[in-house]
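Okay, structure first, notes after.
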Amino acid sequence: LKTVSLLANVLLRQQAIDAGCAETILLRDGLLSEGATSNIFVVKDGVLRAPSRDHRMLAGITYDLVLELAARHGMPCELRDIADAELRVADELWLTSSTREVLPIVSLDGQAVGTGKPGPAVRQMQAWYGAYRSQVARASACDV
């Protein structure tokens, strides 16, 4: 019997919430995997980086859409292994999920990420994401 249980992820997220955090970031073998209930993106020197889609992560719809929007608008993007140390020197970190959309991470383990405020890349992606969502909503309304 094959099953995919995400109970551990849900429990990890609840631990994060209980500690006053938004998410737990999961690492496997020292490499970024995903958030407990999200995908994680890194921005360094203007380049959007994300873990490759592989056995270490459960890619989401929003993960795919963010990559599509980045490509469509010419935002440099790399899909590759991301070491734990890279998270700590990132200019920006984001989490993405269908329910939280594109959310900046402004601190990691009590330390500021970048300036400690949402950066320009996440603000740009949020604008693109919002425009896409509005476009889809308008198209859906026309189909009714």
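Heads up, the sequence shown is in the working numbering, so the first residue is 324 and it goes up one at a time.
Idealized CB from N, CA, C, for every residue including glycine.
Quick one: measure Cβ to Cβ for residue i and residue j, integer angstroms, because I've assumed they're closer than 8 Å.
{"i": "Ala373", "j": "Leu390", "result": "7 Å"}
{"i": "Ala413", "j": "Val436", "result": "6 Å"}
With a CB to CB cut of under 7 Å and the five nearest residues on each side skipped, what residues in its chain are close to residue i?
{"i": "Ile384", "result": "Ser421"}
{"i": "Leu324", "result": "Interpretation of Leu324 is limited by its pLDDT of 46, a score under 50 that renders its predicted location unreliable; no figure is taken from the coordinates."}
{"i": "Leu371", "result": "Phe364, Ala393, Met398, Pro399, Cys400, Ala444"}
Grab me the residues of residue i's own chain with a C-beta within less than 6 Å of its C-beta, minus the 5 sequence neighbours each way, in chain order.
{"i": "Ala444", "result": "Val366, Glu415"}
{"i": "Thr349", "result": "Note that residue 349 is Leu in the sequence shown here, rather than Thr. Closer than 6 Å at Cβ, skipping near neighbours: Ser356, Glu357."}
{"i": "Arg411", "result": "none"}
{"i": "Met448", "result": "Val425"}
Do residue i and residue j have their CB atoms nearer than 8 Å?
{"i": "Glu424", "j": "Tyr455", "result": "no"}
{"i": "Leu354", "j": "Ile428", "result": "no"}
{"i": "Gly439", "j": "Ser430", "result": "yes"}
For residue i, which residues from the same chain have a beta carbon less than 8 Å from its beta carbon, with the 5 sequence-adjacent residues on both sides left out?
{"i": "Ser375", "result": "Leu402, Arg403, Asp404"}
{"i": "Gln434", "result": "Arg411"}
Checklist line | Within the segment 416–465, ranges of the beta strand (DSSP E) (whole runs, at least 3 residues) | finding: 424–428
Checklist line | Continuous alpha helix (DSSP H) assignments of at least 4 residues falling wholly in the segment 345–414 | finding: 384–395, 407–411
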